[in-house]
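A quick write-up on the structure given underneath.
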Amino acid sequence: MILRRLVSLGLFRLAAVFACVLAFVMGCAGPTVAPSAADGREVESVVAAGPDTRPVDPARAQNVFVMLSGGVSPSSNNYSQYLQAKAVTAFLERNYPLDTVWTFFGAGNVEGQPPFLGDVRRSEARDGRTLNTWLPGTISRNRPAKREIVLRAFREEILPRVRDGGTVYLFVGDHGSQRGTGERESIIDLWTLARDATNERGWKSERGEVLGVADLREVLAEGLGRGRVIFCMTQCHSGGFHHLAVPRELTANPRWFTRVPSWWKPAAAKGAPADVRAAGFTATDEFNLAAGCDPDPDPDKWAGYERFMPENLLGLDLFTLLPSGERRASFYEAHIAATLVDRTIDKPYSTSEQYLERWANLIETRLVKEANLSDPVKRQVAAYQRALDGAAPRSGNPALRERQELFARFTQRMTEQNSALRELLLTGTRQQLDAAIASPGRGGRGPAQPAATAQPTAAQPAPAPTPAPVPGSGRGRGGNTPSPEVLKLWNETVRPAWKTAVLADRVAVLPVGARDFEKHLLAQEAKGKDFLFANARTLADEVYWKSGYADPATLDRAKAEAVVRWGSERRSQILAWAKVSDEPAVRAAAEEITKLQPAGRRGGAAQEGTRTPQTTTESTRPLSKKTAAERVLFYRRTLAAWAFLLAVDERPALARIAELTALERTPLPPAMK
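So this is what it looks like as structure tokens:
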């Protein structure tokens, strides 16, 4: 009997200890006993899966470095992207063993080997016009930025090196966009062209050359093991990649309610993807464009996280690759330095801040409206709302206070960059910030291939897709379809007269080097194509392939420049010729076309754009009201969510914030060369 009582007592104490441990893991906010669900069902426990805590063997834990910049195609793989990728690779190879560095850029031209494709677009201002040239983007030990090549390298070469506890330092350049409908997924746009001996151009355009959040998460979950990933991404819509480690929907603690609402679901029921140990920094969120992406980067004008982040990380001049400025010890330190000088449309932030934003979203979309909150949680929701109106959260938590001070630095710098915004940023209410965000504001660069653009089939000739929009132009296509009257005047009056003169070599304005090119365009137009009024992408395609820039080995630079210039001036030159024609009908048609379809409209004469003294760049214009308000409201929401979690003592969430923050601040390893 005594033995039986002792055993019973021991089991009771063991159960009590287990209950205490569980309570610690779950947090101690709210009532001790979980409330009943609104529909009477039993509430499941919310348990956070912990990381692999097995000890790491330093001898087997290796560090590796990956530079990835897809570029999409020759007409969207801009020179700034090449400068970024080349500088990052040069820095890594100077400081770390070559077999720990992987670079995937554009078509895959390798430094020291014969180039095979002009895959980088560089624009130059000449005589008031911006003209395109192309060069091979040669980089040391470079590989093509193709989906299967990248994924295979991760599976077979990169991840096996870190699965015992090492670190992947991942730097991603441009471009980025989104795919899907509804809850769209951020993607990295990769290189689309592939060799094709059956194609007249020797190349074809392939579908599906993208790497999405789910794609990257899957390969990491399979092969990362006890390794981890620290990333920096500068492409458009890059913020979606924080969801490698952050669920889109977080779960409220059931103890926050007097009765658990019908909408509540345990985390396991939400189909959350596999968690990976990844954290880092992005130029913007998943919904917006980013700055930079410049075919004509100027040392004094090129601006954006695309430039500021690598320059502050590497301590290198991206143009010369010579030392310049301070080299930072981590992505985190470089992120701070870059954000302080970035007054473009960028909204740089980290994975831990994305995690806090998801808690803010839960508070705003669920808890604010919930009638069954416990009184302590109601008070904290009210405090959250006051914080969004400018009441700074008060907390003794050192980590929160440190982030609060950092955001205050960012905000103060924005008031210096645009003093007219000082009152709004420092004392504006949530309503005032929302109004500023809703006001029209400048956009950023678009993705290399807008979602509405049909992908070519493998059988189609490889295109040189749309030149990336000028920063500030946004992504809209606008109306550029000519009226039936304009097409009739062109096809039945002006074009026949022009074609006759060209074939007879009686056109003085047509450069010798561009005559064959113009004859080619006229032959294509006779088959129904439109190179005069259609979107500039159709003519840009022909210019790239017919200029000879595609093949560096056979390039005739004089001819190439003549073709490019003619492509830029074609419409204006043809209409100018027609207006002084000996034929009255041709003159009248040219005047009518000019009146009905002005050159300034898309598809007009200025197909490559015209530079004017009034042109403003991202680096010289003041920080926009819209962008500044977006940044400040984000800072307030994340800090208020953190203060809420501290007040309700939500320990698993607080532990996750600490884990992500520590991961973000991982320093670069010491140089090994």
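All residue numbers for the sequence shown refer to my numbering, where the first residue is 63 and numbers rise by one.
Don't be surprised by glycine CBs; every beta carbon is placed ideally from N, CA and C.
Residue i, DSSP secondary structure in three states
| i | result |
| --- | --- |
| ARG191 | strand |
| ARG67 | Interpretation of ARG67 is limited by its pLDDT of 43, a score under 50 that renders its predicted location unreliable; the figure taken from the coordinates is listed afterwards. Note: ARG67 maps to helix in three-state DSSP. |
| ILE292 | strand |
| TYR367 | helix |
| LYS266 | strand |
| VAL230 | strand |
| SER411 | Per the sequence presented here, residue 411 reads as Tyr, with Ser not at that position. The answer is strand: DSSP assigns TYR411 an E or B state. |
| PHE166 | strand |
| PRO309 | coil |
| LEU213 | helix |
| VAL182 | strand |
| ARG456 | coil |
| ASN315 | coil |
| PRO646 | helix |
| TRP325 | coil |
| LEU730 | coil |
N-terminal and C-terminal residue of the beta strand (DSSP E) that residue i is part of
| i | result |
| --- | --- |
| GLY285 | That residue, GLY285, is in no beta strand (DSSP E); its alpha helix (DSSP H) goes 275-285. |
| THR254 | Here THR254 belongs to no beta strand (DSSP E), and DSSP marks it neither H nor E. |
| ASN125 | 125-131 |
| GLN240 | 238-241 |
Alpha carbon of residue i to alpha carbon of residue j, nearest angstrom
| i | j | result |
| --- | --- | --- |
| ARG663 | VAL548 | For ARG663, the predicted structure reports a pLDDT of 45, less than 50, and the residue's modelled location is therefore unreliable. The matter cannot be settled from this model. |
| LEU366 | SER248 | In the sequence as displayed, the identity of residue 366 is Gly instead of Leu. One C-alpha to the other measures close to 20 Å. |
| GLU712 | PHE303 | 25 Å |
| VAL224 | ARG290 | 8 Å |
| ALA352 | GLN143 | 13 Å |
| ILE292 | PRO410 | 15 Å |
| ALA612 | LYS591 | 22 Å |
| GLU311 | GLU348 | 15 Å |
| TRP704 | TRP421 | 8 Å |
| THR401 | ARG699 | 18 Å |
| PRO372 | PHE233 | 9 Å |
| PRO136 | LEU695 | 38 Å |
| ILE211 | GLY132 | 12 Å |
| ALA715 | ARG405 | 32 Å |
| PRO502 | ASP496 | 12 Å |
| GLY490 | GLU631 | 49 Å |
| SER412 | GLU395 | 12 Å |
| LYS327 | GLU415 | 24 Å |
| ASP358 | LEU584 | 31 Å |
| GLU467 | THR543 | 52 Å |
The alpha helix (DSSP H) enclosing residue i, as first and last residue numbers
| i | result |
| --- | --- |
| ASP251 | Note, ASP251: premise wrong, no alpha helix (DSSP H); beta strand (DSSP E) at 247-251. |
| GLY342 | Per DSSP, GLY342 belongs to no alpha helix (DSSP H); it is in the beta strand (DSSP E), 340-344. |
| SER630 | 619-641 |
| SER142 | 141-157 |
| GLN479 | 460-479 |
| LEU221 | 221-224 |
| PRO660 | From DSSP, PRO660 is part of no alpha helix (DSSP H); its letter is neither H nor E. |
Contact belief for residue i with residue j at Cβ below 8 Å, rounded distance in angstroms
| i | j | result |
| --- | --- | --- |
| ASN171 | LEU179 | 7 Å |
| VAL605 | VAL625 | 6 Å |
| ARG45 | GLY354 | Residue numbering for the chain in the displayed model covers 63 to 735; residue 45 lies beyond these limits and cannot be assessed. |
| THR165 | MET129 | 5 Å |
| SER609 | ALA622 | 4 Å |
| LEU252 | ALA207 | 5 Å |
| LEU308 | PRO316 | Note that residue 308 is Val in the sequence shown here, rather than Leu. The pair is not a contact, with the Cβ atoms about 21 Å apart (cut-off 8 Å). |
| TYR446 | PHE706 | 5 Å |
| SER300 | GLY235 | Contact doesn't hold; Cβ gap of about 10 Å is too wide. |
| GLN659 | PHE595 | 6 Å |
Residue nearest to residue i in terms of C-alpha spacing, selected from the options
| i | options | result |
| --- | --- | --- |
| ASP451 | SER436, PRO410, THR413, GLN494 | GLN494 |
| LEU273 | LEU306, TRP421, ASP567 | LEU306 |
| VAL430 | ALA453, PHE319, ASP404 | PHE319 |
| ASP176 | THR260, GLY199, ASP618, LEU255 | Correcting the residue type first, residue 176 is Pro in the shown sequence and not Asp. For the residues THR260, GLY199, ASP618, LEU255, the minimum Cα distance to PRO176 belongs to GLY199. |
| ALA461 | ILE719, ARG428, VAL338 | ILE719 |
| LEU725 | ALA215, GLY228, VAL182, TYR141 | GLY228 |
| ALA576 | THR600, GLY629, ASN434, PHE595 | GLY629 |
| ALA149 | ASP181, ASN204, GLN124 | ASN204 |
| ARG390 | LEU376, PHE381, LEU383 | LEU376 |
| ARG557 | ARG568, PHE706, GLU587, LEU572 | GLU587 |
| ARG484 | ALA691, ARG263, ILE250, ASN140 | ALA691 |
| VAL338 | LEU378, LEU282, ARG321 | LEU282 |
| GLN474 | ALA652, VAL182, ARG693 | ARG693 |
| LEU487 | ARG246, GLY244, ALA276, THR689 | THR689 |
| ALA775 | GLU280, ASN553, LEU424, ARG619 | This structure does not reach residue 775, given that the chain is present from 63 up to 735, and the question cannot be answered. |
| LEU637 | ALA647, TRP196, ARG191, GLU653 | GLU653 |
| ARG627 | ALA602, ARG649, ALA615 | ALA602 |
Proximity test, Cβ basis, 8 Å: residue i and chain C
| i | result |
| --- | --- |
| LEU583 | This model lacks chain C altogether, as it is built from one protein chain only. |
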